[in-house]
Amino acid sequence: MSRNPQLNEKGALQHLLTIEGLPREILIHILDTAASFINVAERDVKKVPLMRGKSVFNLFFEPSTRTRTTFEIAAKRLSADVINLNIATSSQTKGETLLDTIDNLSAMHADMFVVRHASSGAPYLIAQHVGSHAHVVNAGDGRHAHPTQGLLDSYTIRHYKRDFTRLAVAIVGDVLHSRVARSLIHALTTLGAPDVRVVGPKTLLPAGVEQLGVRVFHNMDAGIRDCDVIAMLRVQNERMRGALLPSEQEFFKSFGLTPERLALARPDAIVMHPGPINRGVEIDSAVADGSQAVILSQVTFGIAVRMAVLSILAGK
Amino acid sequence: MNIHIKGCRLIDPKSGTDAREDLFLAAGVVAAWGRAPKRFRADRTIDAKGLVVCPGLVDMSVRLREPGYEYRATLESEMQAAVAGGVTSLACPPDTDPPLDEPALVEMLKSRAKSLNLARVYPLGALSAKLKGKRLAEMAELAEAGCVAFSQADVPIVDTEVLWRAMQYASTYGFPVWLRPQDSFLAQGGVAHDGDVATRLGLPAIPSVAETASLATMLQLARSAGARLHVCRLSTAEAVAMVRRAKQEGQEVTCDVAVHHVHLCEVDIGYFDSHCHLVPPLRSQRDRDALRAGLADGTIDAICSDHAPLDEDVKHMPFGESEPGATAVELLLSLTLKWATEAGVPLVSALGAVTSTPASIMRVDAGTIGVGATADLCVFDPEAHVRITPASLCSQGKNTPFVGYEVPGQICYTLVAGQVVYENAA
Chain P
1 MSRNPQLNEK
11 GALQHLLTIE
21 GLPREILIHI
31 LDTAASFINV
41 AERDVKKVPL
51 MRGKSVFNLF
61 FEPSTRTRTT
71 FEIAAKRLSA
81 DVINLNIATS
91 SQTKGETLLD
101 TIDNLSAMHA
111 DMFVVRHASS
121 GAPYLIAQHV
131 GSHAHVVNAG
141 DGRHAHPTQG
151 LLDSYTIRHY
161 KRDFTRLAVA
171 IVGDVLHSRV
181 ARSLIHALTT
191 LGAPDVRVVG
201 PKTLLPAGVE
211 QLGVRVFHNM
221 DAGIRDCDVI
231 AMLRVQNERM
241 RGALLPSEQE
251 FFKSFGLTPE
261 RLALARPDAI
271 VMHPGPINRG
281 VEIDSAVADG
291 SQAVILSQVT
301 FGIAVRMAVL
311 SILAGK
Chain H
1 MNIHIKGCRL
11 IDPKSGTDAR
21 EDLFLAAGVV
31 AAWGRAPKRF
41 RADRTIDAKG
51 LVVCPGLVDM
61 SVRLREPGYE
71 YRATLESEMQ
81 AAVAGGVTSL
91 ACPPDTDPPL
101 DEPALVEMLK
111 SRAKSLNLAR
121 VYPLGALSAK
131 LKGKRLAEMA
141 ELAEAGCVAF
151 SQADVPIVDT
161 EVLWRAMQYA
171 STYGFPVWLR
181 PQDSFLAQGG
191 VAHDGDVATR
201 LGLPAIPSVA
211 ETASLATMLQ
221 LARSAGARLH
231 VCRLSTAEAV
241 AMVRRAKQEG
251 QEVTCDVAVH
261 HVHLCEVDIG
271 YFDSHCHLVP
281 PLRSQRDRDA
291 LRAGLADGTI
301 DAICSDHAPL
311 DEDVKHMPFG
321 ESEPGATAVE
331 LLLSLTLKWA
341 TEAGVPLVSA
351 LGAVTSTPAS
361 IMRVDAGTIG
371 VGATADLCVF
381 DPEAHVRITP
391 ASLCSQGKNT
401 PFVGYEVPGQ
411 ICYTLVAGQV
421 VYENAA
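Going line by line, the protein sequences match chains P and H.
Take the first sequence: its position 246, counting from 1, is numbered 246 in the numbering used here, and each next residue is one higher.
Take the second sequence: its position 418, counting from 1, is numbered 418 in the numbering used here, and each next residue is one higher.
Below, the structure is given as structure tokens:
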């Protein structure tokens, strides 16, 4: 197997494609850098000049509002030029191949590609293809990875819990289809969380998931008992009625996070969700709007984390 | 033309021979071993000191891409690749466009192939019309046109009644049925084995049970229909055990494995290497070990290349969107030798899996160099190692996960009917 394609020959970050295999020091460096950007949002002029003259291309082959917007804000706060391309609705439907698209954009001297794609691994293909001056950030590929989400989740956990090395974290719901879950699992195991759990019905957990270093629970109460962090996953509506799940109601009954269930976790447990939330499907409104939910903080921290990733890749 | 092959190590798996014997060819057949027949005068003498002479390889699955996919490969390019790989007889699956479900298509393919004077082509007819799994193909007509067996290539028949009836119909005429076990529902949308690697990489998965559930159905249907079943491309340990059991119970069943699956497993996907996107998917190390054990104990009868030349564009895509398949007909000998060396299997039995055994499953006159047999031969240097590079391949498809491998076995000569059709000067 070849060298980890996201590190350069000096072991520094060339692309951010996945959290898996990244050294702990790199993760900590990103989180520390993000912390230094938190107060930029509170200034009158919400900008730092670190990426002036650099161009960031947001390449979204799959629709997204939240992630694309936060990457755009992050790049603009770093003073970069941002170009948004929703390829789902343009060239690809005209038959242009993925690599043709990348060649065209490379010819426009892009410094940074932020890529969202429905196929697992697409950002790897792009990273192999772009010149050595360009950087690729994976903004979500298929079921594989969503590294900036995993980092912002880690940032949120560190913000509220300080230390990873004593934490019990439960990740609940559709792990099978979730890049968010995979990235969070890799982040937590790298950062030293001793007890990472996945909770869900057998139909929504991938084969051999315990190989990722997690404990598997099929019972929600047991799975979240005494946890410090509960990370809920979004269950896509189209997966609700079919061979994987019978109905929203039944899923909510077995795996939905209600105030009663939340009481089984530690009293100071926090509740995370990558959004957009399905109220009454995976999470009760009383929990989503309750004092233990940190869902909106995740969004705010997400901008700082993405600023950190972009600026580190840009060598600043 | 009379040819004297001098000083060689002669390996004939059918008779279990592995001996230092000269070989004398005359009038397209093997005239004698050891001593020249009376009044034999060689037109050509091949000095084969240190070389092995064995029957030309018989490959049970080579896609020639004609008709319909000439942009991927042509009969010329792939037949050249075959003889460069020492393959002198090959079966081609019916997944062309249109599929091989009409006698005229089969006749055309056979006559085009024949005119090239390279390897012998034995088409597999479509088991169902257009491979659609609804209506039976005209098997008797297709057999008359030259089909040696009937197959669905990689397109499963979903309707079990059609499958059962197709087997019954084929067995009416004694035609063998070749099927790859895969349940289309369980495999739907999947691109990799349902194991640790697919879980880590987030690749939609194909569980082992997609193969075993289908295989169980196939074995039962074939038993009930009295059909001669050949199971193509086993990939799981459980399937090997099932075939072993069926054979022990006396069922007339044979099976093969693709040469990739003898060497590679899911881990080789690495960082989304689309050259490892194959059908069936590369499975776990445990599965690969079971396939190797199955080969060694004879449960798996044959190794084939499952040759599938593709253009680079369809591999330069995200893993799940790329087309599955690999070019391999030229690597069959080397990769078989590599397995034999690693597994400690004697050359004479290892070569049986790519010569005499597939020939007997296909029921064709090939796979042996006994005296009187057609002189289809492969002459190779077992000690020489070759490095696989795209440029080293004759096939138009350069898509192989084995690029960069150093493998044993350099083909020096390939002969068909006593004529040298490939010669490597180096």
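Yeah, the Cβ is synthetic: ideal placement off N, Cα and C, and Gly gets one too.
- Query: Would DSSP call H/Gln285 helix, strand or coil?
  - Reply: helix
- Item | Where the beta strand (DSSP E) containing H/Gln419 begins and where it ends | Gln419 to Glu423
- Item | Contacts that H/Phe272 makes with chain P (C-beta to C-beta distance below 8 Å) | Ser120, Gly121, Tyr124 and Leu125
- 8 Å contact criterion, which P/Tyr115 and P/Leu59 should meet: CB distance rounded: For the record, residue 115 of chain P in the displayed sequence is Val; it is not Tyr. Correct: roughly 5 Å between the Cβ atoms.
- Task: Indicate the three-state DSSP secondary structure (helix, strand or coil) for H/His193 in the structure shown.
- Result: strand
- For H/Ser322, which three-state DSSP category applies? coil
- Task: Show which residues of chain H have a CB atom less than 8 Å away from the CB atom of P/Glu62.
- Result: Chain H residues near P/Glu62: none, gap ~12 Å exceeds 8 Å.
- Message: If distances are taken between C-alpha atoms only, which option among P/Gly315, P/Met220 and P/Ser106 comes closest to P/Lys202?
- Response: P/Met220
- Task: Let me know if H/Phe319 comes out buried or exposed under the rule of 16 or more other beta-carbons within 10 Å of its beta-carbon.
- Result: buried
- Residues of the segment 191-207 of chain H with Cβ closer than 8 Å to any Cβ of chain P, in chain order: Asp194, Gly195, Asp196, Ala198, Thr199, Arg200, Leu201, Gly202, Leu203, Pro204, Ala205 and Pro207
- Query: What is the C-beta distance between P/Val271 and P/Val287, in whole angstroms, given that I count them as a contact (C-beta under 8 Å)?
  - Reply: 6 Å
- Confirm, please, whether the CB-CB distance from H/Ala326 to H/Gly278 is below 8 Å. Looking at the sequence shown, residue 278 of chain H is not Gly but Leu. Yes, they are a contact pair.
- Query: Which of the residues in the segment 277-289 of chain P, read from start to end, lie with their CB under 9 Å from any CB of chain H?
  - Reply: none
- Message: Once DSSP output is grouped into helix, strand and coil, what is the label at H/Asp12?
- Response: strand
- Item | Start-to-end residues for the beta strand (DSSP E) that takes in H/Phe24 | Leu23 to Ala26
- Message: Give me the chain P residues within the contact set of H/Phe456, using Cβ-Cβ distance strictly less than 8 Å, ordered along the chain.
- Response: The shown model of chain H, from 1 to 426, leaves out residue 456 of chain H, and the question about it has no answer.
- For P/Val214 versus P/Arg225, is the C-beta spacing smaller than 8 Å? no
- Message: Let me check one thing: in DSSP terms, what residues is H/Pro93 bridge-paired to?
- Response: According to DSSP, which records beta bridges pairwise, H/Pro93 is partnered with nothing at all.
- Task: Would you give the residue range spanned by the alpha helix (DSSP H) that H/Leu186 belongs to?
- Result: Ser184 to Ala187
- Item | Within chain P, partners of H/Lys313 - CB distance below 8 Å | Going by the sequence as given, residue 313 of chain H is Asp instead of Lys. Chain P residues near H/Asp313: Thr97.
- Query: For a contact meaning CB atoms closer than 9 Å, what does H/His316 contact in chain P?
  - Reply: Thr97, Leu98, Leu99, Leu125 and His129
- Pull up the distance between the alpha-carbon of H/Glu432 and that of H/Thr217, whole angstroms please. Within the shown structure, residues of chain H are numbered from 1 to 426, placing residue 432 of chain H beyond reach of any answer.
- Using a C-beta cutoff of 8 Å, does P/Gln236 count as contacting chain A? Looking at the structure shown, chain A is missing, and the protein chains on hand are P and H.
- Does DSSP classify P/Ile185 as helix, strand or coil? helix
- Three-state secondary structure (DSSP) of P/Arg306: helix
- beta strand (DSSP E) containing P/Gly140: first to last residue? His135 to Asp141
- Message: Assuming H/Pro207 is part of the alpha helix (DSSP H), what are its boundary residues?
- Response: Neither: H/Pro207 is in no alpha helix (DSSP H) and is coded neither H nor E.
- Item | Per-residue DSSP class, three states only, for H/Leu347 | helix
- Message: I need the boundaries of the alpha helix (DSSP H) containing P/Phe71, first residue and last residue.
- Response: Arg66 to Arg77
- Message: Need the endpoints of the alpha helix (DSSP H) that P/Tyr160 sits in, please.
- Response: Pro147 to Lys161
- Message: For the beta strand (DSSP E) containing P/Asn8, name the first residue and the last one.
- Response: Run containing P/Asn8: none; DSSP gives neither H nor E here.
- Task: State the start and end residues of the unbroken alpha helix (DSSP H) segment that holds P/Asp32.
- Result: Arg24 to Phe37
- Message: Please return the same chain residues whose Cβ sits closer than 6 Å to the Cβ of H/Thr88, not counting the five positions on each side in sequence.
- Response: Gly56, Ala119, Asp376 and Val416
- Item | H/Val407: first and last residue of the uninterrupted beta strand (DSSP E) it sits in | Glu406 to Val416
- Item | Contacts of P/Arg143 in chain H (Cβ-Cβ under 7 Å) | Gly202
- Query: Is the segment 296-303 of chain H touching the segment 41-48 of chain H, taking contact as three or more C-beta pairs under 8 Å?
  - Reply: no
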